[in-house]
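Read the structure below first, then the notes.
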Amino acid sequence: MLPSLVMPLAALLSLRLGSRAHATELLSPPSVWFEAEFFHHILHWTPIPNQSERTYYEVELLRYGRESWKSIPSCNQTLLLSCDLTMATLDLYHSFGYRAKVRAVDGSQHSNWTIASTRFSKDDGAFPFLGLEHGFGVPSNQNL
1 MLPSLVMPLA ALLSLRLGSR AHATELLSPP SVWFEAEFFH HILHWTPIPN QSERTYYEVE
61 LLRYGRESWK SIPSCNQTLL LSCDLTMATL DLYHSFGYRA KVRAVDGSQH SNWTIASTRF
121 SKDDGAFPFL GLEHGFGVPS NQNL
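Using UniProt numbering, read the sequence shown as starting at 1 and increasing by one per residue.
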């Protein structure tokens with residue numbers, strides 16, 4: 001009788017332990033996005049729900065035309081919710097753009113990556129319209 005109960009009890013115990021492990025997985029950052037101004041390229045993300053004081057974030061960047069993601073050391077293990085990617089995205093000869101992703105880490109646990117909702121291109125933040133005017137006060141984008 002006892003041997004016939006061992007297998008079902010072991011199965012129930014493994015299911016219970018499995019569900020507990022699943023419940024403690026870290027959630028991914030809900031959203032990731034770029035903000036760019038004149039040669040200032042910042043990646044932002046929203047925090048994970050119920051993060052602890054030990055939770056930090058890791059950032060990776062993918063340059064279109066390359067095969068692998070590159071870790072950004074200045075943005076890894078950051079407690080902040082943004083990362084300055086200006087230096088990593090300043091290659092003026094590369095015009096295909098970049099993708100970025102962020103994940104949360106807490107102790108030995110890490111979330112899945114969240115990829116930025118849009119691709120970033122150097123043209124997005126390099127030369128915004130400055131509203132320059134000609135000598136007579138006529139906006140430069142109007143034909144004379």
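Virtual Cβ for every residue (Gly too), placed ideally from N, Cα, C. Note that the structure is predicted; figures quoted are calculated from it, not measured.
With a 10 Å radius around its C-beta and 16 neighbouring C-beta atoms as the bar for buried, classify Gly125 as buried or exposed.
Within the sequence shown, residue 125 is the residue found at index 125, counting from 1. Per-residue confidence for Gly125 stands at a pLDDT of 47, beneath the threshold of 50, marking its modelled position as unreliable; no derived number is given.
Going by DSSP, what residues sit across from residue 145 in a beta bridge?
Residue 145 falls outside the range modelled here, since the chain spans only 1 to 144, and no answer is possible.
If you draw a straight line from the C-alpha of Thr114 to the C-alpha of Ser52, how long is it?
By one-based count along the sequence shown, residue 114 stands at place 114. By one-based count along the sequence shown, residue 52 stands at place 52. In a straight line, the C-alpha of Thr114 is about 19 Å away from that of Ser52.
Helix, strand or coil for Ala116? Go by DSSP, reduced to three states.
Your numbering for residue 116 matches position 116 in the sequence shown. Correct three-state label for Ala116: coil.
When the Cα atoms are used, what is the spatial distance from Ser111 to Gly65?
Residue mapping note: residue 111 aligns to position 111 of the sequence shown, counting from 1. Residue mapping note: residue 65 aligns to position 65 of the sequence shown, counting from 1. Roughly 26 Å between the two C-alpha positions.
Let me confirm a value: Ser28 is counted as buried when at least 16 other C-beta atoms fall within 10 Å, else exposed. Which label applies?
Against the sequence shown, residue 28 aligns to sequence position 28. Ser28 is buried by the Cβ-count criterion.
Going by DSSP, which residues form a beta bridge with Phe34?
As a first step, residue 34 is located in the sequence shown; it is residue number 34 there, counting from the start. Answer is Leu43, bridged to Phe34.
Can you give the Cα-Cα distance for Trp69 and Thr89, rounded to whole angstroms?
Your numbering for residue 69 matches position 69 in the sequence shown. Your numbering for residue 89 matches position 89 in the sequence shown. Whole-angstrom Cα-Cα distance: 13 Å.
Can you have a look at Glu35 and say buried or exposed, based on whether 16 or more other CB atoms are within 10 angstroms of its CB?
As a first step, residue 35 is located in the sequence shown; it is residue number 35 there, counting from the start. Result: exposed.
So the beta strand (DSSP E) Tyr98 belongs to, where does it begin and stop?
Sequence index remark: in the sequence shown, residue 98 carries index 98 (1-based). First-last of the beta strand (DSSP E) with Tyr98: Tyr98 to Asp106.
By the three-class DSSP mapping on this structure, what secondary structure does Cys83 have?
If you number the sequence shown from 1, residue 83 lands on position 83. It is a strand residue.
Contact defined as beta carbons within less than 8 Å: I believe Leu85 pairs with Leu62. What is the distance between those atoms, to the nearest angstrom?
Along the sequence shown, one-based indexing puts residue 85 at 85. Along the sequence shown, one-based indexing puts residue 62 at 62. In fact, because the Cβ distance is near 12 Å, the residues do not count as touching under 8 Å.
Hey, out of Arg119, His40 and Glu58, whose CA is closest to Phe96's CA?
Along the sequence shown, one-based indexing puts residue 96 at 96. Of the listed residues, the one whose Cα sits closest to Phe96 is Arg119.
Please name the residue in Glu67, Leu43, Glu25 and Cys75 whose C-alpha comes closest to that of Glu58.
Locating residue 58 in the sequence shown gives position 58, where the first residue counts as 1. Considering only alpha carbons, the answer is Cys75.
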